[in-house]
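In my numbering, the protein residues as written are 15 to 122. Here the structure is laid out as structure tokens; the discussion comes afterwards.
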């Protein structure tokens, strides 16, 4: 019997039970939830980096976006709120499209 001990999407227990299997789950407290969300975000980011096809990469980006949405909800904001701040920051500081890699800054 595999042991997972990880945060899963809300419908995973239902999907498991539809296959005729049973699973054991528990609800996380606030602190555990955030810790597990951070772990899951790292896991999904690693899966994105390791993905070899565009389709797989897009799937992993969707997973990351779902996690960002859940974190935003936890903070009491929407993805639209996050997007507004993203746009403001991009306007003031730019995005990452130019691939600029800062090496060092020195005093003149």
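For every residue, glycine included, the Cβ atom is placed at its ideal position computed from N, Cα and C. Keep in mind that this is a model prediction, so the values were computed, not measured.
Reduced DSSP secondary structure (H/G/I, E/B, other) of residue 42: In the three-state reduction of the DSSP assignment, residue 42 falls in the coil class.
Coarse secondary structure for residue 84, derived from DSSP in three states: Looking at residue 84 - three-state DSSP - the assignment turns out to be helix.
Segment contact, 8 angstroms Cβ cut-off, at least three pairs: the stretch 50-57 with the stretch 79-89: They touch, by the three-pair rule.
Straight-line Cα distance separating residue 98 from residue 31: Whole-angstrom Cα-Cα distance: 40 angstroms.
Neighbourhood of residue 41 by C-beta distance below 8 angstroms, restricted to the same chain and skipping five residues each side: None.
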